[in-house]
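S.K.:
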Amino acid sequence: WRMVNLNKSLLKLSRIENNQYKNNIEVNLTALIKDLLEDYESILEVEEIKLEINFESDFIINFNPDLAQILISNLIRNAIKHNSNERIIKIESNSNSIIISNTGKNTTLDSNLIFNRFYKQGASEGNNGLGLSIVDTIIKNQQNLKLNYQYKTPFHQFVLKK
-18 WRMVNLNKSL
-8 LKLSRIENNQ
2 YKNNIEVNLT
12 ALIKDLLEDY
22 ESILEVEEIK
32 LEINFESDFI
42 INFNPDLAQI
52 LISNLIRNAI
62 KHNSNERIIK
72 IESNSNSIII
82 SNTGKNTTLD
92 SNLIFNRFYK
102 QGASEGNNGL
112 GLSIVDTIIK
122 NQQNLKLNYQ
132 YKTPFHQFVL
142 KK
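Under the numbering used here, the first residue of the sequence shown is numbered -18, with each subsequent residue one higher.
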């Protein structure tokens, strides 16, 4: 399964880099998050992760819907996989930004490395080190979005801004 997932992720990266996702439409990323959270509900329950949501307003952007789903899904899965014993994920949204935060190691991650292909901190089981690389590649191909990482104790935050 690891090889299959690795192959799928590399193919996805290749398609994104070759601009094979072109059809942009108006996408409500806040609504997409709500839909994806329903899919992850059982995982959050099994992992005993507390989810805190604050949706002030919808984050709407002209975007490819397939890439939007990959982007948000990878950020949520990253927050689940790299959570700590505190087991908290916060997702905030307003018209200009989305912040996905998770408790994790009590140290800032190296923002120069975390988006690199195959980069892993520690020995994460089932992690191929491509999730954030895919996210970064999606963002780099969009002129209207920016993604930043920051650490605000005890949360690792990925901030998506218009």
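In this text, a Cβ means the ideal position worked out from N, Cα and C, and glycines have one as well. The structure displayed is predicted, hence computed values, not measured ones.
Can you look up I30 in the DSSP assignment and give me helix, strand or coil?
M.R.: Coil, per DSSP.
S.K.: Quick one: what does DSSP say N125 is sitting in, helix, strand or coil?
M.R.: N125: coil per DSSP, three-state reduction.
S.K.: Count the other CB atoms, across all protein chains shown, that sit within 10 Å of the CB of A104; report buried if there are 16 or more and exposed otherwise.
M.R.: The predicted position of A104 is uncertain, since its pLDDT is 47 and thus under 50; a value taken from the coordinates is nonetheless stated next. The residue in question, A104, is exposed, as its Cβ has fewer than 16 Cβ neighbours within 10 Å.
S.K.: Could you tell me the distance, in whole angstroms, from the CA atom of N129 to the CA atom of F36?
M.R.: So the alpha carbons of these two residues sit roughly 19 angstroms apart.
S.K.: State the Cα-Cα distance for the pair Q131 and F40, rounded to the nearest angstrom.
M.R.: Spanning the two alpha carbons is a distance of roughly 20 angstroms.
S.K.: To the nearest angstrom, how far is it from the Cα of K31 to the Cα of Q123?
M.R.: The alpha-carbon atoms of K31 and Q123 are separated by roughly 32 angstroms.
S.K.: Using only CA atoms, which one of K127, T11, G85 lies nearest to I70?
M.R.: The residue with the shortest Cα to Cα distance from I70 is G85.
S.K.: Out of curiosity, what's the CA-to-CA distance linking F139 and N93?
M.R.: Taking the straight line from one Cα to the other gives about 14 angstroms.
S.K.: Are the Cβ atoms of N64 and N83 separated by less than 8 angstroms?
M.R.: Yes, these two residues count as a Cβ contact at 8 angstroms.
S.K.: Starting from the N-terminal side, write out each stretch of the alpha helix (DSSP H) that is 4 residues or longer and does not extend beyond the region 35 to 90.
M.R.: Counting whole runs of 4 or more residues, the region 35 to 90 contains the alpha helix (DSSP H) stretches 46 to 62.
S.K.: Which residues in the same chain have their Cβ closer than 6 angstroms to the Cβ of I81, if we skip the five residues on either side of it in sequence?
M.R.: Excluding sequence neighbours, I81 sits near L56, A60, I72, F139.
S.K.: Assuming Q116 and L18 are in contact, meaning their beta carbons sit under 8 angstroms apart, how far apart are those beta carbons, in whole angstroms?
M.R.: According to the sequence provided, residue 116 is Val. The question's Gln does not apply to it. Contact doesn't hold; Cβ gap of about 17 angstroms is too wide.
S.K.: Can you tell me whether DSSP reads K133 as helix, strand or coil?
M.R.: Residue state, collapsed to three classes: strand.
S.K.: With a 10 Å radius around its C-beta and 16 neighbouring C-beta atoms as the bar for buried, classify S114 as buried or exposed.
M.R.: Classification for S114: buried.
S.K.: Classify V8 as buried or exposed, calling it buried when 16 or more other Cβ atoms lie within 10 Å of its own Cβ.
M.R.: Answer is buried; the Cβ neighbour count reaches 16.
S.K.: Mind checking which residues open and close the beta strand (DSSP E) that includes I6?
M.R.: First-last of the beta strand (DSSP E) with I6: 6 to 9.
S.K.: Using three-state DSSP, classify L113 as helix, strand or coil.
M.R.: Of the three classes helix, strand and coil, the one that applies to L113 here is helix, per DSSP.
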